[in-house]
Structures are given as structure tokens and as C-alpha cells.
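The structure under discussion appears below in the form of C-alpha cells.
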Amino acid sequence: MSSDTRKILTTDGIPLEESLKQAEKKNKIKAFLLVAPLLLFLIITYMIPIGDMFSRSIDDKMVTNMLPKTYKAMEKWDGKELPPEEVFEAFYLDYKILVKNKTAGKLQTQLNYEKNGFKSVLKKLARKQKKFEEGNYKEQIMKVHKRWRNVEYWRAIKRRAPSYTYSKYLKGVDMYSNEDGKIVQVSEDRRIHRILWIRTVEVAFFVTLFCFLMAYPIAHLLATLPMKYSNLLMICVLLPFWTSLLVRTASWMILLQQQGIVNDFFVWTGLVADDNRPEMMYNKTGTYVAMTQILLPFMVLPLYSVMKTISPSLMRAGKSLGATPAVAFFKVYFPLTIPGIGAGCLLVFILAIGYYITPALVGGASGTLISNQIAYHMKSTLDWSFASAMGLMLLTGVLAIYWIYNKLVGVDNIKLG
Amino acid sequence: MALPKYTEPHYRIWHYFYLLICGCVFFFLIAPLFVIFPLSFNAEEFLVFSDGMKRLDPDAFSMRWYKDMIYGTKNPWGLAARNSFIIAIFATLGSIILGTLAALGLSSRHMPYKGLIMAILISPMIVPLIISGVAIFFFMAKVGLAATHLGIILAHIILGTPFVVITVTATLSGFDHSITRAASSLGSSPYNTFMKITLPLILPGVISGGLFAFVTSFDEVVVVLFLAGLDNTTIPIQMWTGLREQLSPTILAVATCLIILSVLILLTAELLRRRSERLRGINR
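Protein chains in written order, with our numbering: chain A, 1 to 417; chain B, 1001 to 1284.
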């Protein structure tokens, strides 16, 4: 007996199994079509641009494109001694075009990054090259400035030959690759980025900790109070949550200023002298206080929604079995709230690590974070490839935290309010 | 939360201490908002409580900063407010339409690669704003939409859709799909079924997601800072500039208006949440 005869057929004569499969496929396509507009929109306007940031951050075609003949001639040069005449000639021809097009300045800046003092040498060459005679360019160029006899300068040019570079990432952690191609740290007084990374993580960590310490008791109170009281108190959490970030930052700027209410209060209690009011804004204190208050609702809400589901009889049972309130709390209640703690801490930490507005307004010089540095390079120095590199480093960190969290707790229990 | 009579004294003390801590935290949360209120009625230009205000002298209070906000020539608050509302309304509409459709698709049990797609859809919420700002700026500059309303609206749709997707998916999680099947079996077209059955039931989720999207757009400053030109200044941008340069009481007048707006939004959101829970049969 063959298996075909046992197949159930639909009224159309198609086997039921196949018909079901077709229906399933149709449904799949239908569901996918509903998601498709948003998915496409996000991929085009968001995902690809983030990828674009990556190609920008490693892009180093500028110098490569400015000196095409030179790099072609340099292919054969081993970099040990001064390059041969062809390289000098190619460089002279490339540079002549740049000077003519008035784009030599860009090359001067770029090569100066590579080797200090390159700018003046190139500027002098720009002036002198007009009088050059045909042939024997090596002699003529070396006559312009004695640094052209130094092989280091030619190596510096050669180092910029590849179209791609990871130097921006090295710069982001205060490192660079030196003349010999070794990766070394920048001199101690110029290590600004590492300080910023450490400070960002430190601020995010402490803000998360403060938020947790403050949110836990009030979330517990909100979850255990009778509905009519807790609804009223909930407004105290939700109103700041819905209020503009800038409004809340503005109120902290008023409160924390030197003649502000907080300082008035300290003077009134006699903690500080009137003529010796402490600076509470434009430093780390301001960043900590304002960020904690602003991010606190993001900790309270997940904690509350988890605590709401914990039955009070569990604590009572623990106590009736002889546990002291403290033991009952730490052995019964606290472990049950861990999903809420995880969600709240993740949310606050991720928000804090990318914070920009509040540190920029109340942080001053000692309270700015890595985001401020990214914005600074985007808007002021216009070093977009460096801003992209730092942004991606930050993003990698955030995604790593997210991934770890997902492994430990699971992302599904994040709720909004 | 009254304590039972048999409570031991040291536990009683601990309990009052705990209530005190809670009180302090609530104060810390809400009090800063109330500083802005009286100071925005200050007759003087300084951002401290004047002696007259402390004595509740009526002359120390005035509406001059509100007048300055509306009629002041130096402050383009009118333009900023108009831009903010236009951008927020269109961004909300876009987020609602795209987000609701996507949530409907995601809630279908036939949806392939659910986890991956959900991760992509809510990624704008997880990625730090500054990075989103840089990426979106690169895109908008490339397609020539930087410093246009459309560019900012599209950017805010990106930031707003995750909220709609999350709230609508949550509403749909308690949704009984047999009623739409019942409607179809009774001859209703898919469009009719959606409009008459599905939409009214998920509406609270849609609107509360829309509220999140609206507030996100209305309050968004990081991405707009990269995108906005002089013509597309918004309220947050104006506030940002004002706070950076010089804190004027006019900003406090604007801030007071924004707080009133957020109270309204909060009330709407709360009402919707309760209605949604009632509709979905969740009793707490």
C-alpha cells in the first residue's frame, strides 16, 4: 500500500498538507508585508547610515587621492634609504597640481598629523617649486629644505598610502602608530580621551547606583500602598518622566547656582559660610545630581511593575516561619525583584552612558562625557571620521552591555510604564 | 500602610525611617519642577527669589516674561513653537502608521525571524541618541534633507516608532484573534475587520504609543541640533541655546508652559492606560 492513497485531499484535489503549507506561506508573506515598510525605512535611513559611519571612520582616501603618482612610484621603494628620483619627480608633479588647485593646504595639514614640522617644509616647497627646472628633481627638492634629505619625512608620506586606516580608533584610546609602525601611547599630557571614557563609565555607573538606591524604596512603597495613595504618589514619578529634559535641566541650573536655593539652604543651616558658597554646577556634582533625578523614573517604573506582581503573603510566610524582617527581605523579597533591578539598571546605564544634553549644560569642563566629545568633533572640528569612530566604539560598548544583559536576565521584561 | 499593634519598637523606628527616605526621594523627584513655576512670574531679571517674592509682595510678581515670550522680538519662540508642533504632529502620525502596521505583522504567529526584526525595529531606542544623531545626519546630508522640516520629521519617525511598536505589541499580546476570524467568516473584508474590530480594541495602545512618539519628537534636541537650520528651529533648540548662553526668565515662562503640557499628556496617558487595562480584562 503506497502512502499516496492515505493522503487527505481538500475539495480542490490538492493534498491537505500542501494546502496548509500554502496558506501558511501566504500568512507569512502577509505578516512580513505589514512589517516591511517600517523595516525598509529603518534599514535605509538608520541601519545603512550607521554602517556608513564605519566606512567613514576607516576612510583615508584623501591623501591617497591627492598624491596618485607619488604612491605609484613609491610601490617599489623599500623605505630604508631616500627614495629614487622617480618618486621625487612624481611627488613634484602631484604637488604642483595641488598648489595650482589651491588644495595643497589640506595635504599640509594631513601630513603634519603624521610628522610634526611637515607643514612648513611643504609650504616652502609650494613657494619654490615654481622656479623648478625640468629634470633632476631629487636635487632641486632637497635643496629647498634640508628636511627633504631626512628619510623620515618620506616614510611619513608612505604611511598614508593605504586608503583605509584604523588610526582614528587608536586616537580614540589615546594611541597612535609611530614612525616604525608600532602602536604606542601618546604623551601623558595629551591623553584626554581615556580620561573621558573612564569618566563616562564612572558617571554612568554611579548614576545607576544612586538611581537604584533611591528607586528601590519608593518603588516598594508604591507597590505596597493601597491603590488610591499609590496612584497619587505615582504622579510624582510620572510627571518628571513626561516633562521635557531641558525643563528639568533648567530647574537644576537654577537650584544649583551659587545664589541658588540649595546653596541658600546650606547657608541657612550653617553648613557653609555665606561668602564661601560651594560651586555645585559646572562640575561633576552637577552632572551627578541632575542626571540622577532625570533618570530616576526609568529605574522606578520597571522596579514597580515587578514588585507589583510579588504577593505580600510571601513575606508574611517567611516571617511566620521565623525569619526576622531583614532575613525575610533578603531571602525572599529581594531575589524576586532581580528582573526589575536588571531592567532598570540596564535602562539607566545605557541612557546615562550616551548622555549629552545635561552634561553639556551643567557639567562644565570636568563633567563632560564622551558624547560631548563626539558632538564637539561633529560640530566644531568637523573631524567626522573621528566622531564616527568614537561613536562606534561607544555603540559597541552599549551593544556588549545589552548582550550580556540579555544572556543574564533576558530582554523581554522591559516595560514602558 | 498602618503598622500592626504588635510591631516591635525598633522595627517601628525602621519603618518611619523608611517612610522618611521615601518622602525625601519623592521630594527630590518632584520639587525641582516647582521651582520654575514661581520664578517665571518674577518681576526682576534675576533667577533668584527676590526679597519681595519671599514677602509675597504682589509687586514682585509680574507676567512680563510671558509677554516677552509671546511678543518679544528677540525670541523666535513663536516660530519655534510652530515648527515644534508641525514636526511633532507629522512625526507622530508617521510613527503611528508605520509602527502599528509593523506591530500587527510582528504579533502574527506566522512572522518569520521575529527576534531579529524586533531587535532592528527597537534599535533606535537602545542606540545612544548621539550616535543616532550622527548617523541620521550623514544620511540626511547625503540625500539633501538636512535643514529641512521633512528631514527632521523623518528623523523623529525613526526615534518614535519603537515606542509605538512596543505599546501596540503589548496591547496585541492580550488580543483574541478569533474575533477577527469570526468577522471574516461573517463576510467582512480585511479592511473592514481592521477598522471595525481590531483598531478600536488596540486604539489605547496606539494612542499611548503615539503620545510617547509625540513627546519624543517634541522634546528631542540631540538629533535636531545636527539637522536643524535657522528656519527649522524648535522649542528644545531655542531652550538649549538659551540655557547655554544666558538663563533668562523667558525660558522659565516657556518651561512653565511645557510643564503644563506634560501634565496634560500625563493625564491622557494615565486615562488611556486604565482604559486599555479594562478592555484587556487586566485587573490589578
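C-beta atoms are modelled at their ideal positions from N, C-alpha and C, and glycine is treated no differently.
Contact check, residue i vs residue j, beta carbons under 8 Å
i, j, result
"Met281/A", "Met253/A", "yes"
"Met1053/B", "Pro1038/B", "yes"
"Met175/A", "Phe1226/B", "no"
"Met74/A", "Pro83/A", "yes"
"Ala365/A", "Ile374/A", "no"
"Leu303/A", "Gly342/A", "no"
"Asp60/A", "Pro162/A", "yes"
"Val306/A", "Pro339/A", "yes"
"Gly1099/B", "Thr1161/B", "yes"
"Thr200/A", "Ile294/A", "no"
"Val87/A", "Thr70/A", "yes"
"Met1111/B", "Ala31/A", "yes"
"Ser385/A", "Ser57/A", "yes"
"Ile1259/B", "Ile1036/B", "yes"
"Gly172/A", "Gly286/A", "no"
"Tyr405/A", "Leu346/A", "yes"
Range covered by the beta strand (DSSP E) that runs through residue i
i, result
"Ser177/A", "175 to 177"
N- and C-terminal bounds of the alpha helix (DSSP H) containing residue i
i, result
"Ile370/A", "370 to 376"
"Thr1238/B", "It is Gln, not Thr, that sits at residue 1238/B in the sequence shown. 1235 to 1245 is the span of the alpha helix (DSSP H), which, as asked, contains Gln1238/B."
"Gln259/A", "No alpha helix (DSSP H) contains Gln259/A, which DSSP labels as neither H nor E."
"Ile183/A", "No alpha helix (DSSP H) contains Ile183/A, which is instead part of the beta strand (DSSP E) from 183 to 185."
"Trp1065/B", "1064 to 1071"
"Asn27/A", "16 to 42"
"Gly1078/B", "1077 to 1107"
"Gly1209/B", "1199 to 1219"
"Lys138/A", "137 to 144"
"Arg127/A", "118 to 128"
"Asp1051/B", "1051 to 1054"
"Trp154/A", "151 to 159"
"Ser230/A", "227 to 242"
"Asp1176/B", "Asp1176/B -> no alpha helix (DSSP H), and no H or E assigned at all."
"Tyr71/A", "68 to 74"
"Phe217/A", "Per the sequence shown, residue 217/A should be read as Pro rather than Phe. Run containing Pro217/A: 192 to 224, per the alpha helix (DSSP H) assignment."
Contact test: residue i Cβ vs the ligand NAD heavy atom, cutoff 7 Å
i, result
"Leu392/A", "For the structure depicted, the ligand NAD is absent and the ligand set is empty, with no information on it obtainable."
Best match in the options for proximity to residue i [C-alpha to C-alpha]
i, options, result
"Gly1209/B", "Leu1101/B, Val1048/B, Pro1009/B, Tyr1018/B", "Leu1101/B"
"Leu284/A", "Ala161/A, Ser385/A, Leu256/A, Gly342/A", "With the sequence shown as reference, residue 284/A is identified as Lys, and Leu is not the correct amino acid for it. It is Leu256/A whose Cα lies nearest to the Cα of Lys284/A."
"Ala104/A", "Phe88/A, Val121/A, Glu89/A", "Val121/A"
"Tyr137/A", "Ala90/A, Ala126/A, Lys106/A, Met299/A", "Ala90/A"
"Val332/A", "Gly322/A, Thr324/A, Gly318/A", "Gly318/A"
"Gly1151/B", "Phe1163/B, Ala1135/B, Leu1121/B, Leu1264/B", "Ala1135/B"
"Ile50/A", "Ala389/A, Tyr402/A, Ile404/A", "Ala389/A"
"Ala1170/B", "Val1143/B, Pro1204/B, Ser1123/B, Val1224/B", "Pro1204/B"
"Arg277/A", "Thr287/A, Ile261/A, Tyr288/A, Val289/A", "Ile261/A"
"Arg160/A", "Met62/A, Thr337/A, Tyr402/A", "Met62/A"
"Thr1180/B", "Pro1190/B, Thr1241/B, Arg1109/B", "Pro1190/B"
"Lys124/A", "Val398/A, Gln140/A, Leu16/A", "Gln140/A"
"Ile1087/B", "Ala1269/B, Val1025/B, Ile1157/B", "Ile1157/B"
"His1177/B", "Ser1123/B, Ile1202/B, Val1164/B", "Ile1202/B"
"Lys119/A", "Glu134/A, Glu133/A, Ala156/A, Ile357/A", "Ala156/A"
- Message: Counting only Cβ-Cβ distances shorter than 9 Å, please list the residues of the segment 247 to 263 of chain A near chain B, keeping chain order.
- Response: If the cut-off is 9 Å between Cβ atoms, the segment 247 to 263 of chain A has Val247, Arg248, Thr249, Ala250, Ser251, Trp252, Met253, Ile254, Leu255, Gln257, Gln259, Gly260, Ile261 near chain B.
- Message: Contact between the segment 90 to 105 of chain A and the segment 38 to 53 of chain A is defined here as three or more beta-carbon pairs at a separation below 8 Å; is this criterion met?
- Response: When Cβ pairs closer than 8 Å are counted between the two stretches, the segment 90 to 105 of chain A is seen not to touch the segment 38 to 53 of chain A, the count staying below three.
- Message: To be precise: take each residue of the segment 126 to 148 of chain A, compare its Cβ to all Cβ atoms of chain B, and keep it if any distance is under 9 Å. Which residues remain?
- Response: For the segment 126 to 148 of chain A, which is checked against every Cβ of chain B, not one residue is closer than 9 Å.
- Query: Can at least three beta-carbon pairs, one atom from the segment 1016 to 1035 of chain B and one from the segment 207 to 225 of chain A, be found at a separation below 8 Å?
  - Reply: The segment 1016 to 1035 of chain B makes contact with the segment 207 to 225 of chain A: 3 or more CB pairs, one atom from each, lie closer than 8 Å.
- Touch test, the segment 1206 to 1225 of chain B against the segment 238 to 247 of chain A, Cβ-Cβ under 8 Å, three pairs minimum: In this structure the segment 1206 to 1225 of chain B touches the segment 238 to 247 of chain A; the number of beta carbon pairs closer than 8 Å is three or more.
- Inspect the CB distances between the segment 1057 to 1065 of chain B and the segment 1268 to 1278 of chain B and report whether three or more fall short of 8 Å. No, they do not touch.
- Validate contact between the segment 393 to 400 of chain A and the segment 1128 to 1143 of chain B using beta carbons, cut 8 Å, 3 pairs: Output reads yes: the segment 1128 to 1143 of chain B touches the segment 393 to 400 of chain A.
- Report yes or no: do the segment 1065 to 1085 of chain B and the segment 1231 to 1244 of chain B share at least 3 C-beta pairs separated by less than 8 Å? Yes, since at least three Cβ pairs between the segment 1065 to 1085 of chain B and the segment 1231 to 1244 of chain B fall closer than 8 Å, the two stretches touch.
- Please name the residues in the segment 287 to 300 of chain A whose beta-carbon is closer than 8 Å to at least one beta-carbon of chain B, in chain order. If the cut-off is 8 Å between Cβ atoms, the segment 287 to 300 of chain A has Gln293, Leu296, Pro297 near chain B.
- Is the segment 1184 to 1192 of chain B in contact with the segment 1090 to 1097 of chain B, if contact means three or more CB pairs nearer than 8 Å? These segments do not touch.
- Item | Positions along the segment 1096 to 1109 of chain B whose CB lies within less than 7 Å of some CB in chain A | Taking 7 Å as the Cβ-Cβ cut-off against chain A, the residues of the segment 1096 to 1109 of chain B that qualify are Leu1098, Gly1099, Leu1101, Ala1102, Leu1104, Gly1105, Leu1106, Ser1108.
- Please list the residues of the segment 1249 to 1264 of chain B that have a C-beta atom closer than 8 Å to any C-beta atom in chain A, keeping them in chain order. Result list: Ile1251, Leu1252, Ala1255, Leu1258, Ile1259, Ser1262, Val1263.
- Query: Got a sec: which bits of the segment 1145 to 1160 of chain B sit with their beta carbon under 7 Å from any beta carbon on chain A, in order along the chain?
  - Reply: Within the segment 1145 to 1160 of chain B, the residues whose Cβ lies closer than 7 Å to some Cβ of chain A are Leu1154, Ile1158, listed in chain order.
- Query: Taking a cut of 9 Å between CB atoms, which residues from the segment 1059 to 1079 of chain B lie near chain A?
  - Reply: Of all residues in the segment 1059 to 1079 of chain B, none has a Cβ within less than 9 Å of some Cβ in chain A.
- Task: Determine which residues of the segment 1016 to 1046 of chain B have a Cβ less than 7 Å from any Cβ of chain A, and write them out in chain order.
- Result: Cβ proximity to chain A below 7 Å picks out Tyr1018, Ile1021, Cys1022, Val1025, Phe1026, Phe1028, Leu1029, Ile1030, Pro1032, Leu1033, Val1035, Ile1036, Leu1039 from the segment 1016 to 1046 of chain B.
- Hey, is the segment 232 to 241 of chain A in contact with the segment 1041 to 1051 of chain B, meaning 3+ C-beta pairs nearer than 8 Å? Contact between the segment 232 to 241 of chain A and the segment 1041 to 1051 of chain B is absent: fewer than three C-beta pairs spanning the two stretches fall below 8 Å.
- Message: Along the segment 369 to 397 of chain A, where does the CB come closer than 7 Å to a CB of chain B? Name the residues.
- Response: Cβ contacts with chain B: Ser371, Ile374, Ala375, Met378, Ala387, Ser388, Gly391, Leu394, Leu395.
- Using Cβ-Cβ distances below 8 Å, what residues of the segment 45 to 69 of chain A are close to chain B? Of all residues in the segment 45 to 69 of chain A, Thr45, Tyr46, Met47, Ile48, Pro49, Ile50, Asp52, Met53, Arg56 have a Cβ within less than 8 Å of some Cβ in chain B.
- Message: Short of 7 Å Cβ to Cβ, which residues in the segment 319 to 350 of chain A face chain B?
- Response: Within the segment 319 to 350 of chain A, the qualifying residues are Pro325, Ile350.
- On the three-pair Cβ rule with 8 Å, is the segment 1002 to 1015 of chain B touching the segment 195 to 214 of chain A? Of all C-beta pairs linking the segment 1002 to 1015 of chain B to the segment 195 to 214 of chain A, fewer than three are shorter than 8 Å, placing the two stretches out of contact.
- Output, in sequence order along the chain, the residues in the segment 8 to 34 of chain A whose CB is closer than 8 Å to any CB in chain B. Within the segment 8 to 34 of chain A, the residues whose Cβ lies closer than 8 Å to some Cβ of chain B are Glu24, Asn27, Lys28, Lys30, Ala31, Phe32, Leu33, Leu34, listed in chain order.
- Message: Tell me which residues of the segment 1208 to 1233 of chain B have at least one Cβ-Cβ distance to chain A shorter than 8 Å, keeping chain order.
- Response: Of all residues in the segment 1208 to 1233 of chain B, the ones placed with a Cβ closer than 8 Å to any Cβ belonging to chain A are Phe1212, Val1215, Phe1218, Asp1219, Val1221, Val1222, Leu1225, Phe1226, in chain order.
- Query: Mind listing which residues of the segment 200 to 223 of chain A have their C-beta closer than 7 Å to chain B's C-betas, in chain order?
  - Reply: The residues in question are Met214, Pro217, Ile218, Leu221.
- Cβ-based contacts, 9 Å cut-off: residues of the segment 230 to 248 of chain A near chain B: Listed by position along the chain: Asn231, Leu233, Met234, Ile235, Cys236, Val237, Leu238, Leu239, Pro240, Phe241, Trp242, Thr243, Ser244, Leu245, Leu246, Val247, Arg248.
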